[in-house]
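The sequence shown lines up with residues 2 to 247 when you count with my numbering.
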Amino acid sequence: ELLRGDWQNLDGREWSIAHAKILFIISFFGRQSEGMEDHDSWIRHAHLIVFLHEAVTGGVLAYSTVPASLPITQGGITSRVWVQTSHAALAAIHEMCAVGLINCIRMVTEDFAQAPAYQVSKKGMDMVSKMPDELKMQVSPVLHGPFGFEDEALEVVIDNREFVLTTPSGYVRRSTIGEVGHVPFITSPYIPFCLRHSQKFLADHSGRLYETSMWESEVEDVRGEAIALGNVTVLLCEWVPLGANT
2 ELLRGDWQNL DGREWSIAHA KILFIISFFG RQSEGMEDHD SWIRHAHLIV FLHEAVTGGV
62 LAYSTVPASL PITQGGITSR VWVQTSHAAL AAIHEMCAVG LINCIRMVTE DFAQAPAYQV
122 SKKGMDMVSK MPDELKMQVS PVLHGPFGFE DEALEVVIDN REFVLTTPSG YVRRSTIGEV
182 GHVPFITSPY IPFCLRHSQK FLADHSGRLY ETSMWESEVE DVRGEAIALG NVTVLLCEWV
242 PLGANT
């Protein structure tokens, strides 16, 4: 409640403290230039996802995270890795993009994959300038190194499909964003008959379902819901011609 104030009101809407913290995180790395002599700065989508994860795990953002596939580009080649992502944080970013608080640019990599990047607009920076210092102090540990490196800004480095947080003077820490955990499951292959070259039956692993009760799930779950599905068929498809319009 101490952080709340008139600074949250913009365009007839009262923006939440969480929106403000996300806006401040983006403004630390990406801002629209003030004039022709200044340069724009941007933060890539993958790097922003890492800082949002650090904010959630550090208690700065009261959001939950779920496993999601994230595209990363290394050496001109785009691949996907599983990471812990906050859908609520991404929704907040999209809301602020829609009203012009955040600018988004979609670049194309060497292998024609899309790579979004973000910056806070001049309109958004006006809101950031009015934020209380206490709010910025709460977010600061996410953006700076620990004791001994607190005056240095953290950077995200992608190393062999892992995300590493570093500072210029040598602080290095691997982010836990890639620790999505494992959930026990049993699957059986399925290929439609129209795509098969023979009538040979595929393997059926339904008789091994009891094995899932013998394994321990590594995903924390405090909910009590349970869903029972029967005769489920899941088709995984990919549109091969990749490009900016796919």
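Where is the CB? At the ideal position from N, CA and C, for every residue including glycine.
Could you check the C-alpha separation between L4 and S130 for me, to the nearest Å? Looking up residue 4 in the sequence shown gives position 3. Looking up residue 130 in the sequence shown gives position 129. Between L4 and S130, the C-alpha separation is close to 14 Å.
Answer yes or no: does any C-beta atom of chain E fall closer than 7 Å to that of T58? No chain E appears in the structure shown, which is made up of a single protein chain.
Kindly give me the distance between the Cβ atoms of T167 and E156, rounded to whole angstroms, as I take these residues to be in contact under 8 Å. Taking the sequence shown and counting its residues from 1, the one referred to as residue 167 is at position 166. Taking the sequence shown and counting its residues from 1, the one referred to as residue 156 is at position 155. Right, their Cβ atoms sit about 5 Å apart.
S80 bridges to which residues according to DSSP? Translated into the one-based positions of the sequence shown, residue 80 becomes position 79. Its beta-bridge partners are I73.
Among the residues of its own chain, which have a CB less than 6 Å from the CB of E55, if the five just before and after it don't count? By 1-based counting over the sequence shown, the position of residue 55 is 54. Cβ neighbours of E55 beyond the five flanking positions: V143.
My guess is that K22 and V61 are in contact by the Cβ rule of under 8 Å, so how many angstroms apart are they, rounded? Here the question's residue 22 lines up with position 21 in the sequence shown. Here the question's residue 61 lines up with position 60 in the sequence shown. The pair is a contact, with the Cβ atoms about 6 Å apart (cut-off 8 Å).
Element boundaries [alpha helix (DSSP H), containing L53]: Within the sequence shown, residue 53 is the residue found at index 52, counting from 1. Looking at the DSSP string, the run of the alpha helix (DSSP H) that includes L53 is 46-58.
Leaving aside the five residues before and after R175 along the sequence, list all residues of the same chain whose C-beta is less than 8 Å from its C-beta, in chain order. Position 174 of the sequence shown holds residue 175. Once the five neighbours on either side are set aside, the close Cβ partners of R175 are E163, F164, V165, L166.
Return the chain-ordered list of same chain residues with a C-beta closer than 6 Å to the C-beta of Q9, the five sequence neighbours on each side being excluded. Locating residue 9 in the sequence shown gives position 8, counting from the first residue. Within the same chain, Q9 has close Cβ partners E15, W16.
Beta carbon of A89, beta carbon of Y64: below 7 Å? Within the sequence shown, residue 89 is the residue found at index 88, counting from 1. Within the sequence shown, residue 64 is the residue found at index 63, counting from 1. A contact, by the Cβ cut-off of 7 Å.
A90 - DSSP class collapsed to helix/strand/coil: As a first step, residue 90 is located in the sequence shown; it is residue number 89 there, counting from the start. Helix.
Within 10 Å of its beta-carbon, does H46 have 16 or more other beta-carbons around it, so buried, or fewer, so exposed? If you number the sequence shown from 1, residue 46 lands on position 45. Burial call: buried.
For D7, name the three-state secondary structure that DSSP assigns. As a working note, residue 7 is residue 6 in the sequence shown. Helix.
Distance, I27 Cα to E35 Cα: Counting from 1 along the sequence shown, the entry for residue 35 is found at position 34. Counting from 1 along the sequence shown, the entry for residue 27 is found at position 26. So the alpha carbons of these two residues sit roughly 16 Å apart.
When DSSP labels each residue in this structure, what does V61 get in the three-state scheme? One-based indexing of the sequence shown puts residue 61 at position 60. Coil at V61, not helix or strand.
Option in H145, E111, P133 with minimal Cα separation from F52: Locating residue 52 in the sequence shown gives position 51, counting from the first residue. By alpha-carbon distance to F52, the top candidate from H145, E111, P133 is H145.
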